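Colleague: Going by my numbering, the first residue of the sequence shown is number 13, and it counts up by one from there.
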Amino acid sequence: MHVSKLDVLQVRNIKSVQLNCHPGANIIYGANGSGKTSLLESIYLLGRGRSFKHRDLRVVVNNDCDELVVAASIERQAPQRSYQLGLKRTVKGHFEARLDGVALQSAVQLVEELPLQLIDAHSFTLLEGGPLQRRQFLDWGVFHVEHEYRSAWRRFQKALKQRNQLLRHGRIDDDSLPVWSAELAMLAEKITDYRRQYLTELIVDVAALASELDCLSGLELDYYQGWSEGLALMEVLEADRARDFASGSTNHGAHKADIRIKLDGVTAADRLSRGQTKLLVYALKLAQATHFRRRMGQSCLFLLDDLPAELDYEHRGQVIDCLNNLDCQYFMTGVDKKDFELLVEGMAHRMFHMEHGVAVEG
Ligand SMILES: Nc1ncnc2c1ncn2[C@@H]1O[C@H](COP(=O)(O)OP(=O)(O)O)[C@@H](O)[C@H]1O
Ligand SMILES: [Mg+2]
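1) Rounded to whole angstroms, what is the Cα-Cα separation between residue 220 and residue 276?
2) Can you check the segment 126-192 for any alpha helix (DSSP H) of at least 4 residues that lies completely inside it and give the ranges in chain order?
3) Closer than 8 Å is the cut-off here; do at least three beta carbon pairs connect the segment 142-149 with the segment 329-338?
4) Quick check on the contact list: which residues have their beta carbon closer than 5 Å to a heavy atom of ligand 1?
5) Going by DSSP, which residues form a beta bridge with residue 94?
6) Using beta-carbon positions only, say whether residue 130 and residue 235 come within less than 8 Å of one another.
7) Heavy atom of ligand 2 less than 7 Å from the Cβ of residue 318, yes or no?
8) What's the gap between the Cα of residue 59 and the Cα of residue 185?
9) Can you tell me where the alpha helix (DSSP H) with residue 259 in it begins and where it stops?
10) Should the segment 87-100 be regarded as contacting the segment 157-171, the criterion being three or more beta carbon pairs within less than 8 Å?
11) For residue 17, which three-state DSSP category applies?
12) Check whether the segment 287-295 and the segment 243-254 are in contact - that is, three or more C-beta pairs closer than 8 Å.
13) Do you know how far the Cα of residue 23 is from the Cα of residue 266?
14) For residue 262, which of helix, strand or coil comes out of DSSP?
15) So the candidates are 312, 356, 353, 154; which of them puts its Cα closest to the Cα of residue 89?
16) Find the nearest neighbour of residue 323 within the set 305, 63, 346, judged by alpha-carbon distance.
17) Quick one: complete alpha helix (DSSP H) runs, 4+ long, within the segment 13-72?
18) CB residue 292 to CB residue 228, shorter than 8 Å?
19) To the nearest angstrom, how far is it from the Cα of residue 123 to the Cα of residue 226?
20) On the DSSP bridge assignment, give the partners of residue 363 in chain order.
21) Assuming residue 103 and residue 73 make a contact with CB atoms under 8 Å, what is their CB distance in whole Å?
22) Evaluate residue 210 with the Cβ neighbour count: other Cβ atoms within 10 Å of its Cβ, from every protein chain shown; 16 or more gives buried, anything less gives exposed.
23) For residue 257 versus residue 39, is the C-beta distance shorter than 8 Å?
24) Could you work out which residue in 46, 37, 107 is closest to residue 68 when comparing CA atoms only?
25) Give me the Cβ distance between residue 16 and residue 85, rounded to the nearest whole Å; I'm assuming they're in contact under 8 Å.
26) Name, in chain order, the residues that DSSP records as bridge partners for residue 341.
27) Determine the extent of the beta strand (DSSP E) in which residue 234 is found, giving its start and end residues.
28) Is the separation between the beta-carbon of residue 222 and that of residue 192 shorter than 8 Å?
29) For a quick check, are the C-beta atoms of residue 20 and residue 82 less than 8 Å apart?
30) Cβ of residue 375 within 8 Å of Cβ of residue 14?
31) Can you give the beta carbon distance from residue 361 to residue 43, rounded, assuming they're within the 8 Å contact cut?
32) Between which two residues does the alpha helix (DSSP H) carrying residue 371 extend?
33) Going along the chain, which residues of its own chain have a beta-carbon closer than 8 Å to the beta-carbon of residue 32, five neighbours each way excluded?
Below is the structure:
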């Protein structure tokens with residue numbers, strides 16, 4: 013799938029930008045502060061309903077305006093389908109997303125219509141940061157390939173919220189606590205099965221890509237389910253009831269899961285240089301795109317912020333080869349045009365020069 017036309021209005025320093033995008037490589041170059049990351053942020057907003065830079069979308073709306081709009085014409089293969097996706101967010105908090113003019117019920121539908129991956133200067137936190145980033149990584153993959161997963165995940169979040177509310181405001185012997193615990197445990201086991209299955213499939217692609225980017229061997233992705241292996245979650249919840257009451261939250265479950273990423277048995281983040289960590293992040297995300305393509309019969313989009321600053325020349329070339337082989341559309345940014353010229357020589361692409369929030373092709 014790819015975005016053929018992109019319209020961005022009033023996102024950060026961008027007042028109005030229209031791009032006729034290339035189905036493969038799109039390069040956005042320009043000085044610091046010209047609006048390159050903001051352009052990627054706009055595409056990300058359309059595919060996720062949120063920003064990767066700030067939780068509060070008010071700061072993303074251009075200072076002189078009271079709303080932002082991002083819209084795209086999207087072309088999908090297998091089956092062939094063209095559609096318009098658009099969203100609007102006002103500074104007052106009104107959020108609206110539309111698919112071919114029809115309002116979408118939630119941002120989750122945006123994720124479905126525009127599957128995308130972002131790699132930027134913060135992506136190393138996938139290895140070095142907390143479990144949340146790794147759960148989000150995992151959930152991106154399972155969410156797209158397993159339709160059942162979405163409803164299990166939503167119901168799990170609801171049960172968790174209800175149980176936590178009871179823990180905070182109820183009595184320890186409240187009759188409804190075991191009911192919510194049972195619901196939570198049942199859904200957590202389901203989520204765990206999906207996640208494990210997904211990781212089993214993904215590891216093959218990760219290993220292949222890690223060796224293609226010649227970074228690493230002996231890679232293992234171990235899933236920690238969020239409670240002790242071999243125990244039923246219901247038993248753990250029962251045993252931990254007093255502790256959960258004391259903390260006012262559920263201390264075990266699928267919301268505490270993690271992927272333990274190791275190299276020859278050692279935690280990867282403890283062993284790798286920052287540069288190698290970045291390569292492994294590329295391998296992990298490209299592996300997801302490979303798996304996604306195999307399962308869904310189409311490619312996802314990649315947003316690569318400041319690629320020349322992230323990778324050495326040789327690895328940039330390898331990443332681009334991978335993206336081309338996967339038929340991915342990608343938007344990559346950098347300061348200097350010349351950093352890209354050699355990289356995309358002999359390859360169809362489109363270049364845009366960004367200056368003071370305005371993009372011009374060329
Ligand atoms: N809400 C906003 N309204 C107007 N300008 C903004 C807003 N938020 C950030 N900016 C400005 O937008 C510019 C573009 O930033 P950015 O996209 O990160 O540039 P680049 O990636 O090209 O270095 C910065 O100068 C920043 O100060
Ligand atoms: Mg930037």
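Backbone N, C-alpha and C fix where the C-beta goes; we use that ideal spot for every residue, glycine too.
Nothing here was measured: the structure is a model prediction, and the numbers come from that model.
Modeller: So, from the listed chains and residues:
1) Position 208 of the sequence shown holds residue 220. Position 264 of the sequence shown holds residue 276. If I take the Cα positions, the gap works out to 16 Å.
2) 137-140, 143-157, 159-181
3) Three or more beta-carbon pairs separated by less than 8 Å are not found between the segment 142-149 and the segment 329-338, which leaves the two stretches without contact.
4) 24, 25, 44, 45, 46, 47, 48, 49, 50, 74, 75
5) Position 82 of the sequence shown, counted from the first residue, corresponds to residue 94. The partner list for residue 94 (beta bridge, DSSP) reads 87.
6) Taking the first residue of the sequence shown as position 1, residue 130 is located at position 118. Taking the first residue of the sequence shown as position 1, residue 235 is located at position 223. No; because the gap between Cβ atoms is not below 8 Å, this pair is not in contact.
7) As a first step, residue 318 is located in the sequence shown; it is residue number 306 there, counting from the start. Yes; taking the cut-off as 7 Å, the Cβ of residue 318 has a heavy atom of ligand 2 nearer than that.
8) Walking along the sequence shown from the start, residue 59 turns up at place 47. Walking along the sequence shown from the start, residue 185 turns up at place 173. If you take the alpha carbons of residue 59 and residue 185, they lie about 44 Å apart.
9) The residue labelled residue 259 in the question sits at position 247 within the sequence shown. 253-259 is the span of the alpha helix (DSSP H), which, as asked, contains residue 259.
10) Touching, no, given that fewer than three Cβ pairs across the two stretches are closer than 8 Å.
11) Position 5 of the sequence shown, counting from 1, holds the residue named residue 17. Looking at residue 17 - three-state DSSP - the assignment turns out to be strand.
12) no
13) For this step, residue 266 is matched to residue 254 along the sequence shown. For this step, residue 23 is matched to residue 11 along the sequence shown. Cα to Cα, the separation comes out at about 36 Å.
14) Residue numbering aside, residue 262 sits at position 250 when the sequence shown is read from its first letter. Coil.
15) Numbered from its first residue, the sequence shown carries residue 89 at position 77. In terms of Cα proximity to residue 89, the closest of 312, 356, 353, 154 is 312.
16) For the purposes of this step, residue 323 is taken as the residue at position 311 of the sequence shown. Each of 305, 63, 346 was checked against the Cα of residue 323, and the nearest Cα belongs to 346.
17) Runs found: 48-60.
18) Counting from 1 along the sequence shown, the entry for residue 292 is found at position 280. Counting from 1 along the sequence shown, the entry for residue 228 is found at position 216. Yes. Within cutoff.
19) Position 111 of the sequence shown, counted from the first residue, corresponds to residue 123. Position 214 of the sequence shown, counted from the first residue, corresponds to residue 226. In a straight line, the C-alpha of residue 123 is about 31 Å away from that of residue 226.
20) Indexing the sequence shown from 1 puts residue 363 at position 351. According to DSSP, residue 363 bridges with 39.
21) Within the sequence shown, numbered from 1, the residue matching residue 103 stands at position 91. Within the sequence shown, numbered from 1, the residue matching residue 73 stands at position 61. Indeed they touch by this definition, with Cβ atoms about 5 Å apart.
22) Along the sequence shown, one-based indexing puts residue 210 at 198. Buried, because 16 or more other Cβ atoms sit within 10 Å of the Cβ of residue 210.
23) Residue 257 sits at position 245 when you count from the first residue of the sequence shown. Residue 39 sits at position 27 when you count from the first residue of the sequence shown. For residue 257 and residue 39, no; Cβs fall outside 8 Å.
24) Reading the sequence shown from its first residue, position 56 is the one you call residue 68. Out of 46, 37, 107, 107 has the C-alpha closest to the C-alpha of residue 68.
25) Position 4 of the sequence shown holds residue 16. Position 73 of the sequence shown holds residue 85. Confirmed, Cβ separation roughly 5 Å.
26) Counted from its first residue, the sequence shown places residue 341 at position 329. According to DSSP, residue 341 bridges with 313.
27) Position 222 of the sequence shown holds residue 234. 231-236 is the span of the beta strand (DSSP E), which, as asked, contains residue 234.
28) Indexing the sequence shown from 1 puts residue 222 at position 210. Indexing the sequence shown from 1 puts residue 192 at position 180. Not closer than 8 Å, so no.
29) As a first step, residue 20 is located in the sequence shown; it is residue number 8 there, counting from the start. As a first step, residue 82 is located in the sequence shown; it is residue number 70 there, counting from the start. The answer is yes: Cβ separation under 8 Å.
30) Residue 375 is absent from the structure shown; the chain starts at 13 and stops at 374.
31) Counting from 1 along the sequence shown, the entry for residue 361 is found at position 349. Counting from 1 along the sequence shown, the entry for residue 43 is found at position 31. For a cut-off of 8 Å, the C-beta gap from residue 361 to residue 43 is around 21 Å, too long to register as a contact.
32) Here residue 371 refers to the residue found at position 359 when the sequence shown is read from its first residue. Not the alpha helix (DSSP H): residue 371 falls in the beta strand (DSSP E), residues 370-373.
33) Locating residue 32 in the sequence shown gives position 20, where the first residue counts as 1. Contacts found: 16, 17, 362, 373.
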